[in-house]
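Just so you know, we're using this note's numbering here: the sequence shown kicks off at 7 and counts up by one.
Backbone N, C-alpha and C fix where the C-beta goes; we use that ideal spot for every residue, glycine too.
Below is one structure; the comments refer to it alone.
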Amino acid sequence: MKDIIVIVGPTGVGKTKLSVGLAKLINAEIINADSMQVYKDLNIGTAKVKKEEKENIPHHLFDIVNVEEMYTIYDYQKDCREKIIEIINRGKKVILVGGSGLYIRSALYDYKLNKETKKNEYEDLSNENLFDMVKKIDPGTQIHPNNRKRLIRFLNRANNNEELINNSKPLYDFDIIGLTTDRENLYNIINDRVDKMIEEGLLEEVKSLYDRKIYSKSVTTGIGYKELYKYFDGTISLEEATNEIKRNSRRYAKRQYTFFNNQFKTTWFETNYKDFNSTIQEIYCYLMR
């Protein structure tokens with residue numbers, strides 16, 4: 007079995023449960039690969055693993071940054087690689103789990119990131135031109151056509167990640183496992199999951215951040231947070247905010263599939279929701295091949 011196992015898949019498909027189940031079988035520790043779960047205070051909206059769900063398996067790179075702070079892909083690359091070495095040196099396997107494809111690539115592939123990247127101000131382009139460019143990259147973008155600052159920030163981030171996406175030289179030997187289910191079932195799971203988050207206190211979680219006047223990137227771009235900020239601003243109703251969270255989550259899941267299929271050599275397994283242990287065993291047998 008390889009030292010590093012990567013678990014990917016769209017939001018809500020069962021990655022957390024699989025990671026813990028496999029960790030117990032192969033004596034592994036888990037490293038977070040979700041760009042939002044590194045932040046403290048973002049718990050319900052990010053579906054962060056709960057203490058009881060960890061089942062005494064060590065989890066790393068969760069809750070490591072204050073929500074007001076900026077944590078970049080550069081920071082993640084450095085931290086994740088350090089954790090990989092630490093865990094392997096202890097004689098244990100590594101399970102990297104999450105839905106942020108670029109974070110995974112930054113850690114596992116030979117790409118040199120610079121903390122400071124060159125920025126293009128796009129002074130010769132109108133807001134309409136910038137918006138058209140953004141839509142070509144992300145057709146479901148929620149950025150307002152007149153929000154020039156965010157349009158430019160998005161395009162610079164996309165340009166800075168271009169080499170990362172295209173670089174295919176791995177630094178380690180690893181298996182990439184993908185969990186999947188049919189689209190209708192996934193969308194139902196996502197919709198139900200959002201309703202459950204509301205029941206579990208998502209409004210209170212986001213209101214606490216809103217009342218503290220926190221407008222960091224993590225809350226102004228994070229699904230579940232940006233929509234409810236609009237609700238607390240009074241610009242949309244709670245029903246509209248909830249529907250936006252569901253819609254944006256479904257769109258994000260679609261983009262995740264596209265990325266994992268195009269950028270990784272992923273071996274996909276259908277999630278058996280009626281007997282999840284059978285899914286764990288099936289994947290375990292594959293890894294032991």
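Partner residues in the beta bridge of Gly184, as assigned by DSSP, are Val14, Trp274. With a beta-carbon spacing of about 10 Å, Ile251 and Val212 fall beyond the 8 Å limit used to define contacts.
Secondary structure of Tyr258 (DSSP, three-state): helix. For Lys99, DSSP records a beta bridge to Ala34. In the structure shown, Tyr237 falls within a helical segment according to DSSP collapsed to helix, strand and coil. The three-state secondary structure of Val212, taken from DSSP, is helix.
The Cβ atoms of Thr272 and Ile204 lie no closer than 9 Å to each other.
Secondary structure at Val44: coil, using DSSP grouped into helix, strand and coil. The Cβ-Cβ distance between Lys84 and Asn33 does not fall below 9 Å. Under the three-state reduction of DSSP output, Tyr115 falls in the strand class. In this structure Asp40 is buried. Its beta-carbon is surrounded by 16 or more other beta-carbon atoms within 10 angstroms.
Rounded to whole angstroms, the gap between the alpha carbons of Leu131 and Arg159 is 14 Å. Taking Asn278 as the centre and dropping the five residues before and after it, the same chain places the C-beta of Ser284, Thr285 closer than 7 Å to its C-beta, in chain order. Val19 carries a coil assignment under DSSP once its states are collapsed to helix, strand and coil. Contact annotation: Leu24 and Ile289 have beta-carbon atoms nearer than 9 Å. Of the residues assessed, Cys86 falls on the buried side of the cut-off, its CB having 16 or more other CB atoms within 10 angstroms. Glu35 counts as buried, since no fewer than 16 other beta carbons sit within 10 angstroms of its beta carbon. Between the alpha carbons of Ile37 and Phe275 lies a gap of roughly 21 Å. Beta-bridge analysis with DSSP links Val71 to Tyr45. Going by DSSP, Lys223 is part of the alpha helix (DSSP H) stretching over 223 to 227.
Around the CB of Ser214, fewer than 16 other CB atoms lie within 10 Å, so the residue is classed as exposed. Linking Asn95 to Asn152 through their CA atoms gives a straight-line distance of about 51 Å.
Contact between Tyr82 and Tyr109 holds: their C-beta atoms lie close to 5 Å from each other, under 8 Å. Taking the Cα positions, Ala29 is about 12 Å away from Leu293. When Cβ pairs closer than 8 Å are counted between the two stretches, the stretch 225 to 234 is seen to touch the stretch 45 to 55, the count reaching three or more. Looking only at Gly104, Glu134, Phe137, Lys155, the smallest Cα-Cα distance to Glu127 is reached by Lys155. Spanning the alpha carbons of Ile143 and Lys46 requires a straight line of approximately 30 Å. Take the alpha-carbon of Gln287 and the one of Glu233: they are about 38 Å apart. Rounded to whole angstroms, the separation of the alpha carbons of Val71 and Tyr77 is 7 Å. The bridge partners DSSP lists for Pro176 are Tyr115.
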